[in-house]
Amino acid sequence: MTQATEPGPVGPGASPAPDTGRPAERSHLVALLEDAIDLAAVLDWNGSLRFLNRAGRRMLGVSSPYTGPLDGLALVAESDRPLVINEVLPALRADGWWTGNLALIGSGTEVPTRSTLRVQPDEATGETVLTWLARDISTEKRVFETLRGKIFEDELTRLPHRSIFLDRLDLSLRRTRGGPGAVVLTFISLDRFKDKNDRFGRVIGDELLRAVGQRLGAACGPADTAARWGGDEFVFLSEGTPAELGPMAVATRVAEVFATPFTVSGIDLFQTASIGATLARAGETTTDQVLRQAEAAGQMAKQRGGEAIHLFDEEMQARAQRRAQVEDALRGAGERGELILHFQPEVSLRTNEIVAVEALLRWQHPEWGLVAPAEFIPVAELSSLILEVGAFVLDAGMRQRAEWQDTLSGLAPTVAINISPKQFIQDDFAERVAATLERTGADPSGICLEITESVLMNDLDGTVATLRQLKGLGVLLAVDDFGTGYSSLSYLRAFPVDIIKVDQSFVSGLGKDPEDSAIVEAVVRMGQALRLTTVAEGVETAHHLIELRELDCDIAQGYHFARPAAAEAITPMLRAGKDWLKKA
């Protein structure tokens, strides 16, 4: 067959031809190729094999030894046959070689390969043949698809990954700039999803999230994008929405996704959602701003009790701007000396002595003055700033304890330090506490770390492990705001804690609200049964004090005794011992 002859089918087809020419050299090459891990073949222009090594026979499911002709094109996967006709053969005629991805059919299954075919003269016969090398890339393809999924898709719902969504949001804001349309961003938070997760288990919970993702994806039009934002939260982007329709039209469309129950593993589950929406007019809003607005509107919807829609408005805009200002100003405030600690006494109801003080953070801004904790603490908690602020409080609280133990000796009080949820769940939190103790020189037995009840219930195994690490350091542990969460007696017994603090919302109703009084009494009795110290927060009246003493509560804290004050004002009270009230 001459070079000008039209190539016939290319593919495996025959056993090795007899050795001619240089038989010794050829036999060595055949032996080497037989042991190669990739397919190696020699074909003539008609597609008949002159040689196919062991790896090739195994890959293509060809019998060994081969006993009859094969149509080379038949060994190519159906999807890639047009590639052979339209690209491979023309390239061989024009350039004498071709390389690329080619899927083959081996033993009934598709095998993706990286193949190279080349036109070669056969020195032994003088004919023109084709050499073919092919590497099985099945593993590489699976790895690529897995990585691609992780990069571009949410692993659970298969909706676009968060980073992809952010790119699309940014592109939408750029694209609509100067145009008649606008961008509507909707923030979706599933109502009481944790309850379903606890009731039916994580597997059903994950299936429910997948079902929600599928419906949101199906609700997307050509200009829409839905994505899972994280946990049980989703976002929905609609580009080019007419301004006169506003975000309510998009939010209502999203709400319809939750109008009917989701069937999960044969169970019909009704799942509602709190939806916040904002309209980003072209050229007026940045990606960060529109995200803040939608999330703030979603939080307002959540506060209404769920199954609600809230639109971002001018009042929310002002609050969002203020939050952004606070967040920017709070960053680095500790290093600038703007953060200070005040301390509120905790008084023994048996001896009237101050036995502990709670460290409470204050922010003295150079322009705004004293910023209320209710304003800046929530802002810090919603960002990574709470770790920076929490580290400051931990360090400053321990330093003050070290100072008191040096100057007051046995009169030095225990210093109670509040730990934020984000602090507590850090993998190295116990190590950070240990390092701070060593750096400040504080006596561990004089430090009490207060963790809220709701945080303790999130990950029981992880919580117990962290608490045991902390107890190993010698510090005291308190459950703060007890009664507002979901812990049971069995869980409380599993936690190596020393103190339970009754939330002030229950203490305020002592003697007036039967339900609050019953809760306080139950907590005190539980503490006594478990040999835990009980502390009542928010004691503001003499009546509260009388009620708590009748219940035999251990310690009380509140405005009835003293307001929080700087360490300089607390020190004289501590020096006075039992007569401290005269100094207050």
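Per my numbering, numbering through the sequence shown is continuous, rising by one, with the last residue being 961.
Idealized CB from N, CA, C, for every residue including glycine.
Since the structure is predicted, the reported quantities are computational estimates derived from the model, not experimental observations.
Using a Cβ distance threshold of 8 Å, determine whether the segment 722-730 contacts the segment 694-708, with at least three qualifying pairs required. no
Can you tell me whether DSSP reads V561 as helix, strand or coil? Looking up residue 561 in the sequence shown gives position 184. Strand, per DSSP.
Measuring CA to CA, which of V560, T508, A673, V465 is closest to L416? For this step, residue 416 is matched to residue 39 along the sequence shown. The shortest C-alpha separation from L416 is found at T508.
Member of T664, A671, K573 whose CA lies at the smallest distance from the CA of L543: Mapped onto the sequence shown, residue 543 falls at position 166. Out of T664, A671, K573, T664 has the C-alpha closest to the C-alpha of L543.
Using three-state DSSP, classify N463 as helix, strand or coil. Against the sequence shown, residue 463 aligns to sequence position 86. It is helical.
Measuring alpha carbon to alpha carbon, tell me which of K889, L764, T829, I923 ends up nearest K799. Taking the sequence shown and counting its residues from 1, one reaches residue 799 at position 422. Selected option, being the one with the closest Cα: L764.
Residue closest to G598, alpha-carbon to alpha-carbon, out of E455, E616, T784: For this step, residue 598 is matched to residue 221 along the sequence shown. Of the listed residues, the one whose Cα sits closest to G598 is E616.
Is it a yes or a no for the segment 901-915 touching the segment 871-882, going by three-plus beta-carbon pairs under 8 Å? Contact check between the segment 901-915 and the segment 871-882: three or more CB pairs, one atom from each, fall below 8 Å, which counts as touching.
Using 10 angstroms around the beta-carbon of T444, count the other beta-carbons present and answer buried if the total reaches 16, otherwise exposed. Translated into the one-based positions of the sequence shown, residue 444 becomes position 67. Residue confidence for T444 is low, a pLDDT of 48 falling below 50, so the modelled location carries little weight; the figure read from the coordinates is stated next. Exposed, by the Cβ-count rule.
Rounded C-alpha distance that separates E730 from R870: Position 353 of the sequence shown, counted from the start, is the residue given in the question as residue 730. Position 493 of the sequence shown, counted from the start, is the residue given in the question as residue 870. Between E730 and R870, the C-alpha separation is close to 29 Å.
Against chain D, with Cβ distances strictly below 7 Å, would R519 count as a contact? The chain inventory of the structure shown lacks chain D, comprising one protein chain alone.
Just to confirm, are R579 and L536 a CB contact at a threshold of 7 Å? The residue given as residue 579 occupies position 202 in the sequence shown. The residue given as residue 536 occupies position 159 in the sequence shown. No, they are not a contact pair.
Beta carbon of S797 nearer than 7 Å to that of G767: Indexing the sequence shown from 1 puts residue 797 at position 420. Indexing the sequence shown from 1 puts residue 767 at position 390. Contact: yes.
Helix, strand or coil for L479? Go by DSSP, reduced to three states. Your numbering for residue 479 matches position 102 in the sequence shown. Strand, per DSSP.
Whose C-alpha, out of V506, L593, A671, T843, is nearest the C-alpha of E634? Looking up residue 634 in the sequence shown gives position 257. In the sequence as presented, Glu is not what sits at residue 634; that position holds Val. Ranking V506, L593, A671, T843 by Cα distance to V634 puts L593 first.
If we ignore side chains and look at the alpha-carbon of each, how far apart do L510 and P498 end up? To locate residue 510, count along the sequence shown from 1; it is residue 133. To locate residue 498, count along the sequence shown from 1; it is residue 121. Using only the alpha carbons, I get a separation of about 16 Å.
V641 and I565: beta carbons closer than 7 Å? Walking along the sequence shown from the start, residue 641 turns up at place 264. Walking along the sequence shown from the start, residue 565 turns up at place 188. In this structure, I565 does not lie closer than 7 Å to V641 by Cβ.
Tell me the residue span of the beta strand (DSSP E) that contains I824. Along the sequence shown, one-based indexing puts residue 824 at 447. Where I824 is concerned, the enclosing beta strand (DSSP E) stretches over 824-829.
Just checking, does the segment 749-757 make contact with the segment 769-788 on the three C-beta pairs under 8 Å criterion? no
Residue from L759, W745, E522, F639 with nearest C-alpha to Q676: Here residue 676 refers to the residue found at position 299 when the sequence shown is read from its first residue. Cα-wise, what sits closest to Q676 is L759.
Which of the three DSSP states, helix, strand or coil, is assigned to I932? Indexing the sequence shown from 1 puts residue 932 at position 555. Strand, per DSSP.
Measuring only the C-alpha atoms, how far is E780 from G954? In the sequence shown, counting from the first residue as 1, residue 780 sits at position 403. In the sequence shown, counting from the first residue as 1, residue 954 sits at position 577. Answer to the nearest angstrom: the Cα atoms are 17 Å apart.
Comparing alpha-carbon positions, which option in M693, F428, Q782, P467 lies nearest L409? Residue numbering aside, residue 409 sits at position 32 when the sequence shown is read from its first letter. Considering only alpha carbons, the answer is F428.
Pairwise C-alpha distance: A736 and A828: What you label residue 828 is simply residue 451 of the sequence shown in a count that begins at 1. What you label residue 736 is simply residue 359 of the sequence shown in a count that begins at 1. In the sequence as displayed, the identity of residue 828 is Ile instead of Ala. Each residue's CA atom was taken as its position, placing I828 and A736 some 13 Å apart.
In the DSSP assignment, the beta strand (DSSP E) including W745 goes from what residue to what residue? One-based indexing of the sequence shown puts residue 745 at position 368. Per DSSP, W745 belongs to no beta strand (DSSP E) and is neither H nor E.
According to DSSP, G653 sits in a beta bridge with which residue or residues? The count along the sequence shown starts at 1 and reaches residue 653 at position 276. Paired residue(s): F564, H687.
From F801 to I932, what distance separates their C-alpha atoms? As a position in the sequence shown, residue 801 is number 424, starting the count at 1. As a position in the sequence shown, residue 932 is number 555, starting the count at 1. Approximately 25 Å between the Cα atoms of the pair.
DSSP puts S492 in a beta bridge; with which residues? Taking the first residue of the sequence shown as 1, we reach residue 492 at position 115. By DSSP's assignment, S492 forms a beta bridge with G477, A511.
Alpha carbons only, please: which of E830, L837, R845 is nearest the one belonging to D880? Mapped onto the sequence shown, residue 880 falls at position 503. Nearest of E830, L837, R845 to D880, Cα basis: E830.
Spatial neighbours of R845 within its chain, please: C-beta separation below 7 Å, excluding the five flanking residues on both sides. Residue 845 sits at position 468 when you count from the first residue of the sequence shown. P873.
If I measure Cβ to Cβ from A793 and keep anything under 6 Å in the same chain, skipping five residues before and after, which residues do I get? Here the question's residue 793 lines up with position 416 in the sequence shown. Result list for A793: A733, E735, C825, E827, in chain order.
Since Q648 and V589 are thought to touch, with beta carbons under 8 Å apart, how far apart are those beta carbons, to the nearest angstrom? Walking along the sequence shown from the start, residue 648 turns up at place 271. Walking along the sequence shown from the start, residue 589 turns up at place 212. Taking the Cβ atoms as the reference, Q648 lies roughly 7 Å from V589, within the contact range of under 8 Å.
Considering just the uninterrupted stretch of the alpha helix (DSSP H) at D891, what are its terminal residues? The sequence position of residue 891 within the sequence shown is 514, counting from 1. Reading off the sequence shown, one finds Pro at residue 891, where the question assumed Asp. Counting along the chain, the alpha helix (DSSP H) containing P891 begins and ends at 891-906.
If we require 4 or more residues per run, which alpha helix (DSSP H) segments fall completely within the segment 558-646? 570-577, 579-595, 623-632
Considering Cα atoms alone, identify which of F883, E455, T813 is closest to I482. Numbered from 1 along the sequence shown, position 105 holds the residue referred to as residue 482. The shortest Cα separation from I482 among F883, E455, T813 belongs to E455.
Residues that K878 bridges to, as DSSP identifies them: The residue labelled residue 878 in the question sits at position 501 within the sequence shown. Looking at the DSSP assignment, K878 forms a beta bridge with V912.
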